[in-house]
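Student: Chains as they are written, first to last, in the numbering used here: chain A, 86 to 616; chain B, 1333 to 1638. First, the structure itself, so that you have it in front of you.
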Ligand code: SF4
Ligand code: SF4
């Protein structure tokens, strides 16, 4: 396949064959161990632009007329031009230009990419492929280089709707894990280029996966949470959590909500309330036991830490970041503490740092160092013997490689989990779970299969390798993933491969392990029920 | 010929300095961006495992020790080792490294020739039997840098050319300019080698040539040295049009992007810069963006219930 083939009309640019995929360890080391990825139906193929790899994350409807198609091409070019201006893109202009201009195409970043490697090195998933397409378009259509110059710089490419539709989908085949950027000796960041391509589509053309935009940021700003939880529903959920805490632990805890002047406003990914309430309950139990002055918020957006804008749209991002700060300001809390959600960590503490000014610049920190302080300094009584099963830690990219929060979670696990073992590689060299950059929540058509079979494949391999000596289903094992999106991805990945059934590998957060070790709770807090 | 050589040399040096300065200034004038760091950040205390100040409770209350020198030395070391290439693609490194060393040394060679010429103007003789230690040091340093650069550079150029042609991963992304550059650099290094080996084993012509440039008494040099000087000068003019600026922007990229973990503090200088940027008008045209309004005006009034 040649780079310029992206503009050539064909039913599919590539087809992923099971035999091309990176092999997995036992018990997935047989040819039939990989479930067949669902194919799109003929109807889906007819309706949507699916000619990249036969997978749909966005599902762009096919333009009905030539005029619409031309208008879309024109918009793409105008968006690309805006992306390169200070007024429209000061937020990322310097990093973008650096990455566009200084790649020497040495390709040493390629093998760091879990998607490229897992797919059997499909050309279109190569970290340098997307940037190369974008550079060529810029050289030819914005810089308007002469034919000779285009030939010399290898920049000839035909910009047409086929290319644009494929590029849109392709920007959602990169998890923005930035492993490729980490090894680049010149500081080039191919992950950033995927992020910037997504912005052209969203900010100029109004094209983005539904889960990120309509039912993501738009819904969050409108009803309060991307899960659809309204402030009223939150009240019911909190009562339910209080009841469940009592039932599980015998403790009567009143979860503080909208407590003015609290030291900490704790922000959870609202997905936890729905899918893993034991995580938010464990936080309440631990904070209560440690005597922390904290609160939740029931204001719109104030009870959902997520900010999907960080993956595709600077404006949606800024709106949500400001709303979070406004909520904290109104509650007059001393600081915001972010629960177990990797992207919310990065969004609120790193990216929003240069959006929030004046009195909206409220101190923000991760809850994990605070938890480490409680555990290490014996501020709550814990018995490590209660966590005596093999445990490994998944490092969420956003929290670790992109924020440098590496040790506190390990300090906790070393102290309370006698059988804690690292997966390789780990820490800042970790592999993405495969659900990064919004993938974990994208449920579009056959995309979930792709993210299990391809983008999550290296993570599955790592987990299986880590537990090879105890792989028998007779031994319960735990993957600790202190991030809601990572948990969502691991749940789907393990379901896809029936990992729980075949290997008895469970997954969950970090606070659950702390609560599980608390001596004043009689029954085990972790229930080992798959959900 | 002597006038042509002199003018070309003056021009190419002024040209490359001007072009690199303009490019560097353009880079540095770009607006401050949102944070996008990547760990390990070398100036951080816990850089060994990639830790950051976010690992501390109430991090904003602690005094941060930034070790900029560590980052600088890390980048400098990488220039001389190219460790990432060695780890990830050894077969490529075997050619890239000599090519790269060839560059560093050929530039050092020309700089030494210039300073050697300055020394000559001050009456120091540069030779192996010079009365002055400076003269002897210059003699051997020029000889060493020149000859080693010619040999390693020529070897690396051929090696990289072959690698780009036959390595499937590199070939797909190679452009005619890549091939042209390798051939061009090969000619530069080999012409230097030829002049040294067959014509001027002490490399004295280059020093004399530079002395002429400094004193404005231009001299003729033999065809071997002349060819090398012309090719090298043309290369200096060509360099700004390649990605060679990465030798400098690499520093910028690491210090201003990858390791930029500077927090925005209330009332600080950074905050003032950000406020100005937020006042710029945007023209994005998707429905959820208010085109023609500023960044600050994009965010609707918060709908607080209380
Ligand atoms: S991004 Fe960096 S590592 Fe990858 S090809 Fe470009 S220069 Fe090489
Ligand atoms: S950011 Fe991650 S997924 Fe994207 S190209 Fe780089 S390594 Fe691959």
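Even for Gly, the Cβ is constructed at its ideal location relative to N, Cα and C. These numbers come from a predicted model, not from an experiment.
Drop a sphere of 10 angstroms on the beta-carbon of residue 52 of chain A, count the other beta-carbons inside from all chains shown, and report buried for 16 or more, exposed for fewer.
Tutor: Since the first and last residues shown for chain A are 86 and 616, residue 52 of chain A lies out of range.
Student: Does the beta carbon of residue 1419 of chain B fall short of 7 Å from some heavy atom of ligand 1?
Tutor: As a working note, residue 1419 of chain B is residue 87 in the second chain. Checking the Cβ of residue 1419 of chain B against ligand 1 gives no.
Student: Kindly indicate the opening and closing residues of the alpha helix (DSSP H) around residue 1342 of chain B.
Tutor: For the purposes of this step, residue 1342 of chain B is taken as residue 10 along the second chain, with counting starting at 1. Taken as a continuous stretch (DSSP letters only), the alpha helix (DSSP H) holding residue 1342 of chain B covers 1334 to 1360.
Student: For the region 247 to 254 of chain A against the region 1575 to 1584 of chain B, are there 3 or more C-beta pairs whose distance is under 8 Å?
Tutor: Judged by Cβ distances under 8 Å, the region 247 to 254 of chain A makes no contact with the region 1575 to 1584 of chain B, as fewer than three pairs qualify.
Student: Just reading off the beta strand (DSSP E) that residue 95 of chain A is part of, what are its end residues?
Tutor: Sequence index remark: in the first chain, residue 95 of chain A carries index 10 (1-based). Residue 95 of chain A -> no beta strand (DSSP E), and no H or E assigned at all.
Student: Based on Cα-Cα distance, which residue from B:1446, B:1512, B:1597 and B:1503 lies nearest to residue 1537 of chain B?
Tutor: In the second chain, the residue the question calls residue 1537 of chain B occupies position 205. Of the candidates B:1446, B:1512, B:1597 and B:1503, the one whose C-alpha sits nearest the C-alpha of residue 1537 of chain B is B:1446.
Student: What is the rounded straight-line gap between the Cα of residue 1593 of chain B and the Cα of residue 1364 of chain B?
Tutor: Taking the second chain and counting its residues from 1, the one referred to as residue 1593 of chain B is at position 261. Taking the second chain and counting its residues from 1, the one referred to as residue 1364 of chain B is at position 32. Using only the alpha carbons, I get a separation of about 12 Å.
Student: Can you say whether residue 660 of chain A is buried or exposed, counting buried as having 16 or more other CB atoms within 10 angstroms of its CB?
Tutor: Outside the shown range of chain A (86 to 616) lies residue 660 of chain A, about which nothing can therefore be said.
Student: From this set, A:162, A:527 and A:566, which residue's C-alpha is nearest residue 296 of chain A's C-alpha?
Tutor: For the purposes of this step, residue 296 of chain A is identified with residue 211 of the first chain, where counting begins at 1. Per the Cα distances, A:527.
Student: What residues from the region 1526 to 1560 of chain B come within 8 Å of chain A, judged by C-beta to C-beta, listed N to C?
Tutor: Flagged: no residues at all.
Student: Going along chain B in order, which residues have a C-beta closer than 7 Å to the C-beta of residue 551 of chain A?
Tutor: In the first chain, the residue the question calls residue 551 of chain A occupies position 466. Going along chain B, no residue has its Cβ under 7 Å from residue 551 of chain A, so there is no contact; the nearest lies around 19 Å.
Student: Check whether the Cβ of residue 1631 of chain B lies closer than 8 Å to any Cβ atom in chain A.
Tutor: Locating residue 1631 of chain B in the second chain gives position 299, counting from the first residue. At least one chain A Cβ lies under 8 Å of residue 1631 of chain B.
Student: Check distances from the C-beta atoms of the region 1386 to 1419 of chain B to those of chain A and list, in chain order, the residues that come in under 9 Å.
Tutor: Those residues of the region 1386 to 1419 of chain B that come within reach of chain A (Cβ to Cβ, closer than 9 Å) are 1386, 1387, 1388, 1389, 1390, 1391, 1392, 1393, 1410, 1414, 1415, 1416, 1417 and 1419.
Student: Give the secondary structure of residue 563 of chain A by DSSP, where H, G and I count as helix, E and B as strand, and everything else as coil.
Tutor: By 1-based counting over the first chain, the position of residue 563 of chain A is 478. Reduced to three states, the DSSP call for residue 563 of chain A is strand.
Student: Taking the alpha-carbon of residue 498 of chain A as reference, which of A:137, A:458 and A:523 has the nearest alpha-carbon?
Tutor: Here residue 498 of chain A is taken as the residue at index 413 of the first chain, counted from 1. Of the listed residues, the one whose Cα sits closest to residue 498 of chain A is A:458.
Student: Check whether the region 1338 to 1349 of chain B touches the region 482 to 492 of chain A, counting contact only when three or more Cβ pairs, one atom from each stretch, lie closer than 8 Å.
Tutor: Cβ pair count under 8 Å is below three, so no.
Student: In the DSSP assignment, the beta strand (DSSP E) including residue 1522 of chain B goes from what residue to what residue?
Tutor: Counting from 1 along the second chain, the entry for residue 1522 of chain B is found at position 190. It is not in any beta strand (DSSP E) - residue 1522 of chain B instead sits in the alpha helix (DSSP H) that spans 1508 to 1526.
Student: Using three-state DSSP, classify residue 1328 of chain B as helix, strand or coil.
Tutor: Absent from the model: residue 1328 of chain B. The displayed extent of chain B is 1333 to 1638, so no value can be given.
Student: Can you pull out the residues from the region 1362 to 1384 of chain B whose beta carbon lies closer than 8 Å to at least one beta carbon of chain A?
Tutor: Flagged, chain order: 1362, 1363, 1364, 1365, 1366, 1367, 1368, 1369, 1370, 1371, 1372, 1373, 1376, 1378, 1381, 1382, 1383 and 1384.
Student: Does the beta carbon of residue 294 of chain A come closer than 8 Å to any beta carbon on chain B?
Tutor: Taking the first residue of the first chain as 1, we reach residue 294 of chain A at position 209. Chain B contact via Cβ: absent.
Student: My output table needs one value for residue 1391 of chain B: the three-state DSSP class, helix, strand or coil.
Tutor: The residue given as residue 1391 of chain B occupies position 59 in the second chain. Looking at residue 1391 of chain B - three-state DSSP - the assignment turns out to be helix.
Student: With a Cβ-Cβ cutoff of 8 Å, do residue 415 of chain A and residue 433 of chain A count as a contact?
Tutor: As a working note, residue 415 of chain A is residue 330 in the first chain. As a working note, residue 433 of chain A is residue 348 in the first chain. No, the Cβ-Cβ distance between residue 415 of chain A and residue 433 of chain A is not below 8 Å.
Student: For the beta strand (DSSP E) containing residue 349 of chain A, list its first residue and its last residue.
Tutor: Sequence index remark: in the first chain, residue 349 of chain A carries index 264 (1-based). First-last of the beta strand (DSSP E) with residue 349 of chain A: 349 to 352.
Student: Cβ of residue 440 of chain A within 8 Å of Cβ of residue 1367 of chain B?
Tutor: Working through the first chain from its first residue, we reach residue 440 of chain A at position 355. Working through the second chain from its first residue, we reach residue 1367 of chain B at position 35. Not a contact, by the Cβ cut-off of 8 Å.
Student: Could you tell me whether the Cβ of residue 486 of chain A comes closer than 8 Å to any Cβ of chain B?
Tutor: Mapped onto the first chain, residue 486 of chain A falls at position 401. Cβ-Cβ to chain B under 8 Å: yes for residue 486 of chain A.
Student: Does any residue of chain A have a CB that is nearer than 8 Å to the CB of residue 1634 of chain B?
Tutor: On the second chain, residue 1634 of chain B is found 302 positions in, with the first residue counted as 1. In this predicted model, residue 1634 of chain B has a pLDDT of only 49, less than 50, meaning its place in the structure is not dependable enough to derive any value.
Student: Scan the region 264 to 301 of chain A and note each continuous alpha helix (DSSP H) run of 4 residues or more that stays entirely inside, going in chain order.
Tutor: Segments of the alpha helix (DSSP H) lying fully in the region 264 to 301 of chain A: 264 to 268 and 275 to 284.
Student: Taking C-beta to C-beta, are residue 165 of chain A and residue 171 of chain A nearer than 8 Å?
Tutor: In the first chain, the residue the question calls residue 165 of chain A occupies position 80. In the first chain, the residue the question calls residue 171 of chain A occupies position 86. Cβ distance not < 8 Å, so residue 165 of chain A and residue 171 of chain A don't count as in contact.
Student: Does chain B have any CB closer than 8 Å to the CB of residue 175 of chain A?
Tutor: In the first chain, residue 175 of chain A corresponds to position 90, counting from 1. Taking Cβ atoms only, chain B reaches closer than 8 Å to residue 175 of chain A, which makes this a yes.
Student: So which of A:234, A:280 and A:467 has the shortest CA-CA distance to residue 1508 of chain B?
Tutor: The residue given as residue 1508 of chain B occupies position 176 in the second chain. If we check each option's Cα against that of residue 1508 of chain B, A:234 comes out closest.
Student: Just to check, is the beta-carbon of residue 212 of chain A closer than 7 Å to a non-hydrogen atom of ligand 3?
Tutor: Ligand 3 is not part of the structure shown, which contains ligand 1 and ligand 2 as its ligands.
Student: For residue 108 of chain A, name the three-state secondary structure that DSSP assigns.
Tutor: Residue mapping note: residue 108 of chain A aligns to position 23 of the first chain, counting from 1. Here residue 108 of chain A sits in coil by DSSP.
Student: For residue 258 of chain A, count neighbouring C-beta atoms within 10 Å of its own C-beta (all shown protein chains included) and say buried if the count is 16 or more, exposed if not.
Tutor: Sequence index remark: in the first chain, residue 258 of chain A carries index 173 (1-based). Residue 258 of chain A should be labelled buried.
Student: Give me, in chain order, the residues of the same chain whose beta-carbon lies closer than 6 Å to that of residue 1569 of chain B; leave out the 5 immediate sequence neighbours on both sides.
Tutor: Position 237 of the second chain, counting from 1, holds the residue named residue 1569 of chain B. Correct list, in chain order: 1344 and 1347.
Student: If you run the structure through DSSP and keep just helix, strand and coil, what is residue 582 of chain A?
Tutor: Your numbering for residue 582 of chain A matches position 497 in the first chain. Three-state result, residue 582 of chain A: coil.
Student: Which residues does DSSP pair with residue 603 of chain A in a beta bridge?
Tutor: Here residue 603 of chain A is taken as the residue at index 518 of the first chain, counted from 1. DSSP, once it has assigned bridges, lists A:467 as partnering residue 603 of chain A.
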